[in-house]
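Undergrad: Top line first, the protein sequences correspond to chains A and B. Per our numbering, the very first residue in the first sequence carries number 10; after that it's consecutive. Per our numbering, the very first residue in the second sequence carries number 3; after that it's consecutive.
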Amino acid sequence: MDIFDFSDGREGYYGEYGGVFLPEILHATIEELLACFRECKADPKFWQDYVALLQNYSGRPTPITHLENLSRKLGGAQIYVKRDDLNHTGSHKINNVMGQGLLCQRLGKRRVIAETGAGQHGFATATMAAKFGFDCKIYMGAVDVARQRPNVFWMENLGAEVIAVEDGQKTLKDAVNECMRDWVTNMADTHYILGTACGPHPFPEMVSWFQSIIGLEAREQILKQAGKLPDRVYACVGGGSNAMGIFQGFFDDDNVELIGCEAGGHGVGSYMHSARLAYDDASVGVAQGYKTYFLQNDEGNMNETHSVAAGLDYIGINPIFAHLWEQGKVRFEAATDIEVKEALTLTMRTEGLIPALESTHAFVTAIKEAPSMGKDEIILINQSGRGDKDIFTIADALDDSKWKTFIAGKADQYRSEKK
Amino acid sequence: MGLQTYITERKKDKDLLVMAHVVCGYPSFADNMKELEIMAEAGVDLVELQFPFSEPSADGPLFVRANEASLKSGTTIDQCFEFMHQASQRFPFKILMMGYYNTAFKMGEEVFVKRIKEAGGVGYILPDLPVEEFANLHRLSEQEGIEPIVLMTPTSTDGRLAKLGAASRGMVYVVARKGVTGSKTTMGDDVLSLIARCRQHTELPIGVGFGVSCKADMDFLRGTADLAIVGTAALKTWESSGAEGLKVFFAELMA
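#1: Jot down the residue ranges of each uninterrupted beta strand (DSSP E) in the stretch 14 to 86 of chain B, minimum 3 residues, whole runs only, in chain order.
#2: Under the three-state reduction of DSSP, which class applies to A/Asn264: helix, strand or coil?
#3: Helix, strand or coil: which one does DSSP assign to A/Lys237?
#4: Under 8 Å between C-beta atoms, does B/Phe107 make it to chain A?
#5: Classify B/Glu242: buried if its beta carbon has 16 or more other beta carbons within 10 angstroms, exposed otherwise.
#6: By the criterion of Cβ-Cβ separation under 8 Å, what are the contact partners of B/Phe55 in chain A?
#7: Using 10 angstroms around the beta-carbon of A/Lys427, count the other beta-carbons present and answer buried if the total reaches 16, otherwise exposed.
#8: State the CB to CB distance for the pair A/Asp240 and A/Met107, rounded to an integer number of angstroms; the pair is presumed to be in contact (CB under 8 Å).
#9: What would DSSP say about B/Leu153, mapped onto helix, strand or coil?
#10: B/Gly172 to B/Ile148, Cα distance in whole Å?
#11: How about A/Ala135 and A/Leu95: do their beta carbons lie closer than 8 Å?
#12: Are the CB atoms of A/Ala86 and A/Ala379 nearer to each other than 8 Å?
#13: Of all the CB atoms in chain B, is at least one closer than 8 Å to the CB of A/Gly394?
#14: The alpha helix (DSSP H) with A/Glu170 in it runs from where to where?
#15: So with CB distances below 7 Å, who are the chain A contacts of B/Arg162?
#16: Hey, A/Thr180 and A/Val152: beta-carbon distance below 8 Å or not?
#17: With 16 as the cutoff for other CB atoms within 10 Å, does A/Met10 come out buried or exposed?
#18: Restricting to Cα atoms, I'd like to know which of A/His332, A/Lys140 and A/Gly27 is closest to A/Tyr66.
#19: In three-state terms, what does DSSP make of A/Phe510?
#20: Assuming B/Ala44 contacts B/Met256 (C-beta within less than 8 Å), just tell me the rounded distance between them.
#21: Of all the options A/Phe372, A/Asp408 and A/Ala318, which has the alpha carbon lying nearest to the alpha carbon of A/Gln392?
#22: Compare the Cα-Cα distances from B/Gly123 to each of B/Ile208, B/Pro94 and B/Glu11 and report the closest residue.
#23: Take B/Pro129 as the anchor and find which of B/Tyr103, B/Ala121 and B/Ala178 has the nearest alpha-carbon.
#24: Are three or more beta carbon pairs between the stretch 116 to 125 of chain A and the stretch 53 to 60 of chain A nearer than 8 Å?
#25: Using the beta-carbon of each residue, which ones in chain A are nearer than 9 Å to B/Ser158?
#26: Tell me which residues share the same chain as A/Thr359 and place their Cβ nearer than 8 Å to its Cβ, disregarding the 5 neighbours each side in the sequence.
#27: Go ahead and pull the three-state DSSP assignment for A/Ser16.
#28: Could you check if A/Pro53 is buried or exposed, using at least 16 other CB atoms within 10 Å of its CB as the buried criterion?
#29: Which residue or residues does DSSP assign as beta-bridge partners of B/Asp160?
#30: Using a 10 Å radius around the Cβ and a threshold of 16 neighbouring Cβ atoms, would you call A/Thr414 buried or exposed?
#31: So what does DSSP say about B/Ser143, is it helix, strand or coil?
#32: Just to confirm before moving on: does the CB-CB distance between B/Lys119 and B/Tyr8 stay below 8 Å?
#33: Starting from A/Met357, follow the alpha helix (DSSP H) in both directions and report where the run begins and ends.
#34: Can you give me the Cβ contacts of A/Ala352 inside the same chain, cut-off strictly under 6 Å, excluding the 5 residues immediately before and after it?
#35: Indicate the three-state DSSP secondary structure (helix, strand or coil) for A/Ala284 in the structure shown.
#36: Can you give me the C-alpha to C-alpha distance between A/Pro159 and A/Glu187, rounded to a whole angstrom?
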């Protein structure tokens, strides 16, 4: 199955989703990007350089870990985890960023901009910009800046300028809009490093291509370690880049079920979630440069979204998934904030793993389904990021009194230093 | 009477027409009506009524906040069309819908053009709907006699301008510079050569917008463009000095 073969259809469309819906002023820039991307994709040397860069800089290939304790405890399927949390900067975001960095060099541009939700993509972009010597500006919703200070701290210390976006809902979608505004002004010397498989063509295809390294590795590794293909593969879906990454490794394996796990927030009917496909609240629309399912009202204005995980807190789903969902190729489920906190505690205690709140959504669904599967069946979860960055959020969720005492003490210390 | 004919007629009496802009429901529909009264009195020729959208990514900070505040106060599409209807009955200038494609997409393209027509509008501007995607909407518009306004920009190649020119109806909106609405544009040779390039690809009247803010800009455009498109500067004036300020603004602009 090659979903990126547009030869007999419309370029950039997956079923009726995708496309390019941008102001005319960006047309030439998108064309330039598309031409450069086509050149890179057709050049085996580019992919070799990309893989080598990730090996030397980010620690790829990331391993697969068999969660024996958790599997035994649940009494069903054998659970394996793809450890993309072990990348430099702590998540799969670095894959796409390094790829686009190499592409940016080919474009001959010296400045990069990026949106970020949880801050992982911004963090990775700032790292890449420091390494490649690019000027770097990161747009981040003010709400996310407030809840993800550790990532903001690293971005700034890596030399990037972080702009807190005060418009709209002050989260990821607003950061995307602000990036678009920067780009329509500065496209001559600036490349927009979009962080997920959303937005106008060729971004969904390009980001998916770079992230496909996860699935390429994972398929080979699971065959070696488990002796067979997984029965089910789980990945969290915000925009959908890590899920596209791992799922692509199994697109041609008809017996492997692919499950995308969205952010259920406060649950069904709460209207405080980011579940576009798992719940019934989203409808097809056009925004942020592409056509897909959005959480929007009847007049086409976007609804407020929510998730405990900033990186999943987004209105739209990548157009490839909208299509694959309709085709029955990928199943979508949602995990609520409460379920995520429980699954995180369980995973930490039984396996010593600390998945990011985003990735924990995939754990929730896998943990729910594993007990009803056979002991010889295999589950593969993509642990797309590590949870260290979420220490403030997780400490709040767990109501950790020692942590609070520590922070209060720190605050007192800073206050007295100020005086 | 089509937009092109309307503009040609108006141009018999003056050498540069003016298109103004309001964001529906911001600060309120009552204020919008006052703004339109002032515009009509000053002799404005065309007005864009922007239907607020939650993701106005082609707009600058002032319009972004206006879109947001309008939606927050509960502005609906029905109210916007109702306002368009009242305004088109009352004022001599022609009215265009301005907004983002999702507004049209969600109600259905056919309904969209019908409702503009019923409300007395003559056309629409959807900056995020590119030529590759607008064939069906343009066909429906033609059936209803509603005119889609195509945008030409400084980054459009000649080949692209030819394509845009062929699809243009009524008038062409020339974006004077890169960027979003509201920043200052230095009116100079770049703008002149851009207008000249666009003229090679269309015989329709040309309006120039993005950063047109004062009489000097008007003087610059006179003789090259057919319309000056003034957006942010007027809203800025309204916010800082209200109705009186806006009267002075348009009086000076169109002196």
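Glycine residues also receive a C-beta, built at the ideal position from the N, C-alpha and C atoms.
TA: So, to answer that:
#1: 19 to 25 and 48 to 52
#2: coil
#3: coil
#4: yes
#5: According to the sequence shown, residue 242 of chain B is Ser rather than Glu. By the neighbour-count rule (16 or more Cβ atoms within 10 Å), B/Ser242 is not buried but exposed.
#6: Those within 8 Å of B/Phe55 in chain A are Gly309 and Asn310.
#7: exposed
#8: At roughly 32 Å, the Cβ-Cβ gap does not stay under 8 Å, so A/Asp240 and A/Met107 are not in contact.
#9: strand
#10: 9 Å
#11: no
#12: Remark: C-beta atoms of A/Ala86 and A/Ala379 approach each other more closely than 8 Å.
#13: no
#14: It is not in any alpha helix (DSSP H) - A/Glu170 instead sits in the beta strand (DSSP E) that spans Glu170 to Val174.
#15: His36
#16: yes
#17: exposed
#18: A/Lys140
#19: Outside the shown range of chain A, which is 10 to 428, sits residue 510 of chain A, and nothing can be said about it.
#20: 5 Å
#21: Comparing Cα positions, the closest option is A/Phe372.
#22: B/Pro94
#23: B/Tyr103
#24: no
#25: Under the 9 Å cutoff, chain A gives Glu33, Ile34, His36 and Ala37.
#26: Leu76, Asn78, Leu79 and Lys82
#27: coil
#28: exposed
#29: BP columns for B/Asp160 are empty, so no partner.
#30: exposed
#31: helix
#32: no
#33: Asp346 to Glu360
#34: Thr369, Phe372, Val373 and Ile376
#35: Three-state DSSP puts A/Ala284 in coil, outside helix and strand.
#36: 22 Å
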